[in-house]
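Reading the sequence shown from the start, the letters are residues 146 to 287 in my numbering. Beta carbons are placed, not taken as given, at the ideal position from N, Cα and C, and that holds for glycine. Keep in mind the model is a prediction, meaning the values are calculated, not measured. To start, the structure under review is shown below, and the notes come after it.
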Amino acid sequence: LNFGGNTDFMNMLERERLESKKESKTNAVTSQLPYDVGKDNVHVGPSDYVPWLEDRKWCHIRIEGTTFGNVPLNLELKLEVWDSPNSAGVVVDAVRCCKIALDRDVSGSLTGPSSYFMKSPPIQYTDDEAHQMVEDFIKPVE
């Protein structure tokens, strides 16, 4: 569950924007699982606009599972970040990959970097696969 006070969260008060954002966030999470959890067992997405949070975002995460002997296990955590600068590092790395592509006369979708840096890439790989694809992509060409 995500709460925030900036214009991104305010714009999601429009239900059309909320649905596409919820779908992209949910797909980004469920695409990393080797099994189908079922649409009723996962909720990822913005929850509400809270003006006094300003540019902060609060994210509440709950993970349910089982341990040895099928004993239930629940994990809950809260993440609080300043939303605008939060993705700056990802954007910088994505732009660096674009520059490498330009220098090498590569055009079209950058599959590995897109899968690693973006929520809804053209082709989704696991985080480990996408990370390796980025490492391979940025290696100097000899």
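Supposed contact pair residue j and residue i - C-beta distance, whole angstroms, cut 8 Å
| i | j | result |
| --- | --- | --- |
| ARG150 | LEU198 | Sequence check: residue 150 is Gly here, not Arg. About 3 Å separates the two Cβ atoms, so the contact holds. |
| GLN269 | SER169 | Not confirmed; about 11 Å, so no contact. |
| VAL195 | VAL174 | VAL195 to VAL174, Cβ: 22 Å. No contact. |
Among the options, nearest to residue i - alpha-carbon criterion
| i | options | result |
| --- | --- | --- |
| CYS204 | LYS284, THR171, LEU146, LYS264 | LEU146 |
Under the three-state DSSP convention, the category residue i falls into
| i | result |
| --- | --- |
| GLY149 | strand |
| MET278 | helix |
| PRO258 | helix |
| ARG249 | coil |
| VAL286 | coil |
| LYS244 | helix |
message: Threshold first: 3 residues or longer. Then list the beta strand (DSSP E) segments lying entirely within the segment 157-205, N to C.
response: 191-194
task: Taking only runs that begin and end inside the segment 207-236, name each unbroken alpha helix (DSSP H) of 4 or more residues, in chain order.
output: 228-231
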